[in-house]
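Please read the structure below before turning to the comments.
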Amino acid sequence: MFCAWLQCHAQNGVQWKTLKQTQRALGCTNCLWNGDSVLFSNETNIVRFYPGRRRADVNRCTVWLNVLPEGNVSNGDWRLSAIDLDFIKLGMLTATNGEPKHLHVMLDAGHGGMDDGARSRPPLVVSEKHLTLDLVRLVGQRLEEAGMKVSYTRTNDVALALDERSLAARKAKADIFVSIHANFSPNPQSTGSETFVINPAGYAGTPEGSRARGFQIGNANDYLNTQLGYAIQRHLALMDEKVPDRGLKRQSFFVLRETSCPAVLVEIGFLSNVSELLKMLESEWMDTCADSISDGIFEYASKVDALGVAIREKREREFASKKAKAEKDKLAKVENPSLEINCVNTNYVTGVQSEEQELDAPITNRVEKTVIEMKPTEKVQPAVTNVSPQSIFDYYSKR
Ligand SMILES: [Zn+2]
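This is the structure in structure tokens:
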């Protein structure tokens, strides 16, 4: 038992799962190492990891891991962090439980008013705030047609502070919050979509970026955030297989950490890439993109109840495991009063673990001490103003 416990722990506080444990937890009958990646599969799922990289593929959707896998398959010591295994198993591979549930969705068109968001370079000048509003309307139509209730943080070209957006979701008691943006990069070749959810407490953002933080409001929904973000990104990645799938990422954006319901932020493509911009200006592309985002929401809505049950069962198992450990320690102390028991309040859960317990990782974070941070004063990015109002593409902003 103790050896099995050691197998899934490392000295740096990360809980690890061996290749065998990972395969069993994922319910995969096949495990293949091709010298470049390790691939787990069964009849319904294919999950691939790349040693030395934080990138993974889950059913052909790119997913960025919280912790770099360690070891080497050929040496037999490859291992995956328990938190990433948990997120993949529960947050991504939970089976559907039937028809999509009728959710109340808060759609958030990024930026607005004085805040243009990103702007493409002249002569093709397009503001992010217009693209996001157009797309949010298209997504909203599809959700409403499917019987969902839809609210909007904005329905016209007005400025909204970031906290007004998360507050709107809280006031409306929305079930999910979906913020839609378009991307910009100094590299004009950057292309593709990506979806963000908040990084778990104690873990840095991915692929690099926001620092590790203590527990935030958004972390209460880590598994639901993951399932929603994964479902949307998976559908966006299917839109055009020639375009790189930038994947499901984790960053501590204000609207993700301050929104109390499950929340995601979608970046649909790059305004800084001329060919991608031209595609985004086509109504057919926008319709397909709206289909993909709403299909992702429908997929989430068909899994959310099953995930709720899985999370509850996991918490019950963890509670039972901790209780058994506490009782065992108490008994040991009675039998040997000189024994010092020093296994609580460490940085990670120290419950007795074995290979049989695949779902024994902490639910939301590995930091036992919860740190509630003061709300930072984030400022909305200033609008870029060096743009000709006579741009031939300004017609788009008047649609
Ligand atoms: Zn934006």
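Sequence positions in the sequence shown follow the working numbering and run 89 to 487. All residues carry an ideal CB built from backbone N, CA and C; glycine is no exception.
S208 sits in coil when the DSSP states are folded into three classes, being neither helix nor strand. Separation of the CB atoms of V155 and D172 is rounded to 6 Å, and the pair is thereby assigned contact status at 8 Å. If you keep only unbroken alpha helix (DSSP H) runs of at least 4 residues inside the region 110 to 181, you get 170 to 174. Listed by position in the chain, the residues whose beta carbon lies within less than 5 Å of some heavy atom of ligand 1 are G198, G205 and H269. Rounded to the nearest angstrom, the gap between the Cα atoms of V224 and K418 is 57 Å. Here the alpha carbon of F342 sits roughly 36 Å from the alpha carbon of L107. With respect to V392, L324 sits apart: the two C-beta atoms are not nearer than 8 Å. Under the 10 Å beta carbon count, T314 is surrounded by 16 or more other beta carbons and is classified as buried. The C-beta separation of K177 from A262 comes to about 27 Å, leaving the pair out of contact by the 8 Å criterion. In this chain, the alpha helix (DSSP H) harbouring N313 covers D310 to L326. Under the Cβ criterion (8 Å, minimum of three pairs), the region 364 to 376 does not count as touching the region 246 to 254. Rounded to whole angstroms, W152 and R142 show a C-alpha spacing of 6 Å.
Boundaries of the beta strand (DSSP E) around R338: G335 to R338. No Cβ-Cβ contact shorter than 8 Å links M202 with F265. Following the DSSP letters along the chain, one finds G235 in no alpha helix (DSSP H), marked with neither H nor E.
In the three-state reduction of the DSSP assignment, I286 falls in the coil class, being assigned neither a helical nor a strand state. Counting only residues of its own chain and dropping the five nearest sequence neighbours on each side, G293 has a CB closer than 8 Å to the CB of N287, R299, K337, R338, Q339 and S340. Just so you know, the alpha carbons of D204 and R253 end up roughly 16 Å apart. Here H192 has K237, A262 and D263 as same chain residues with Cβ atoms under 6 Å from its own Cβ, once five neighbours each way along the sequence are excluded. Membership of D375 in the alpha helix (DSSP H) is indicated by the continuous run S371 to E423. The straight-line gap separating the alpha-carbon atoms of N118 and N133 is approximately 10 Å.
The DSSP-derived three-state label of K217 is helix. Between the C-alpha atoms of A389 and P188 there is a straight-line separation of about 5 Å. For F265, there is no enclosing alpha helix (DSSP H); the residue is part of the beta strand (DSSP E) that begins and ends at I264 to N271. In the structure shown, L223 falls within a helical segment according to DSSP collapsed to helix, strand and coil. When DSSP states are grouped into helix, strand and coil, E252 belongs to the helix group.
In the DSSP assignment, F342 falls within the alpha helix (DSSP H) that extends over F342 to R345.
Partner residues in the beta bridge of D196, as assigned by DSSP, are S267. One Cα belongs to G280, the other to L326, and the distance between them is close to 11 Å. Taking A257 as the centre and dropping the five residues before and after it, the same chain places the C-beta of M194, F265, T347 and C349 closer than 6 Å to its C-beta, in chain order.
Each residue's CA atom was taken as its position, placing F407 and A398 some 14 Å apart.
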